[in-house]
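S.K.: In this note's numbering, the protein residues as written are 1 to 329.
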Ligand SMILES: Cc1ncc(COP(=O)(O)O)c(C=O)c1O
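#1: Going by DSSP in three states, residue 85 sits in which element: helix, strand or coil?
#2: Would you tell me roughly how many angstroms separate the C-alpha atoms of residue 206 and residue 77, rounded to the nearest one?
#3: I need the boundaries of the alpha helix (DSSP H) containing residue 75, first residue and last residue.
#4: At the level of alpha carbons, what is the spacing between residue 84 and residue 8?
#5: Out of 24, 88 and 70, which has the shortest C-alpha to C-alpha gap to residue 320?
#6: Can you tell me where the alpha helix (DSSP H) holding residue 203 begins and where it ends?
#7: Quick check: the stretch 226-239 against the stretch 183-198, are there 3 or more CB pairs under 8 Å?
#8: Using DSSP bridges, identify the partner residues of residue 126.
#9: Counting along the chain, where does the beta strand (DSSP E) carrying residue 278 start and finish?
#10: With respect to the beta strand (DSSP E) encompassing residue 188, which residues constitute its N-terminal and C-terminal limits?
#11: First and last residue of the alpha helix (DSSP H) that includes residue 109?
#12: Are residue 68 and residue 121 close, meaning C-beta to C-beta below 7 Å?
#13: May I have all residues whose beta carbon comes closer than 5 Å to any heavy atom of ligand 1, sorted in chain order?
#14: Please specify which runs of the alpha helix (DSSP H), each continuous and at least 4 residues long, are wholly inside the stretch 145-171, giving them in chain order.
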């Protein structure tokens, strides 16, 4: 039987709005406030948190993003996240819709509009709508979007008992794409799905030279056999704001003798396998101990002291350090 256009409803604007609301009520979300330069303001109804399908970010992945934490009514380390955002924009040849100061004001204002004191702040820059071509449409207006939401949550068990990671079978991104926080996360998504399917908590990319790369949305670090905190170089993985901050904060652990040295260098898998501790670091996970990597126990197979000490330092910095912006609710 031939299908005719009458078999499908052509929707009115009101019906579309009702469908968007119905979608959200079938699948509730923790999205509290959303700014869109395309809408020209903030919405708090998740049904209205939308982007045109022909925005280049949607159909070609020509967009970038970043995520900062909201802790007890203060935004943590936003300047470091904005630095990386602007670097990613430049590498992606994206035009900015406004100045850095205006972006910061919009981020703070959207957070205030959410009324929430704890959560995550993710913001995107898109190259804009107007065509389905490869290059941005003539006259495409870059889009800026800010979402205040509940954040990614991880099981308490990961911190108490540690987690298990597997070496992914997916190739690591080429360095230019790995250091740019673009919306192209297919390898990262596939890696995490693969790990979960295989009974692990997450995956780890290894580079073509046999050095450790990073995890899905987190960096990986080690405590070497001789007690040094060792982090892979940032030339072929994302410069994690959490890692960079922890490498500074860890100096106090060196002074206390908790770690012998702090090193940023290539970490060959063969060396990493002998590590005392293996850690995941990131804005959402903070610091979590890995106790198993593929079929090898890490260290003595229990969460280690450096992991716990780094988590304490980060928690303190997020609550009372000098990188906090109070939100004017
Ligand atoms: C691929 C990747 N690596 C590492 C990180 C950790 O970065 P950050 O500490 O800034 O959250 C993230 C998260 O943004 C990521 O997506």
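Each residue gets a CB set at the ideal place from its N, CA and C atoms; glycine is no exception. All values derive from a computational prediction rather than experimental measurement.
M.R.: The structure says:
#1: Residue 85 sits at position 85 when you count from the first residue of the chain shown. Three-state result, residue 85: helix.
#2: Looking up residue 206 in the chain shown gives position 206. Looking up residue 77 in the chain shown gives position 77. Roughly 28 Å separates the two Cα atoms.
#3: Counting from 1 along the chain shown, the entry for residue 75 is found at position 75. Run containing residue 75: none in the alpha helix (DSSP H); it sits in the beta strand (DSSP E), 74-76.
#4: Counting from 1 along the chain shown, the entry for residue 84 is found at position 84. Counting from 1 along the chain shown, the entry for residue 8 is found at position 8. In a straight line, the C-alpha of residue 84 is about 45 Å away from that of residue 8.
#5: Start at 1 with the first residue of the chain shown, and residue 320 comes out as number 320. Ranking the options by Cα distance to residue 320, first place goes to 70.
#6: Against the chain shown, residue 203 aligns to sequence position 203. No alpha helix (DSSP H) contains residue 203, which is instead part of the beta strand (DSSP E) from 202-204.
#7: no
#8: Along the chain shown, one-based indexing puts residue 126 at 126. DSSP lists 63 and 143 as partners of residue 126.
#9: The count along the chain shown starts at 1 and reaches residue 278 at position 278. Per DSSP, residue 278 belongs to the beta strand (DSSP E) from 277-282.
#10: Taking the chain shown and counting its residues from 1, the one referred to as residue 188 is at position 188. First-last for residue 188: 186-197, but that is the alpha helix (DSSP H), not the beta strand (DSSP E).
#11: Position 109 of the chain shown, counted from the start, is the residue given in the question as residue 109. Residue 109 -> alpha helix (DSSP H) spans 100-114.
#12: Here residue 68 refers to the residue found at position 68 when the chain shown is read from its first residue. Here residue 121 refers to the residue found at position 121 when the chain shown is read from its first residue. Contact: yes.
#13: 214, 217, 219, 238, 240, 241, 242, 282 and 283
#14: 156-160
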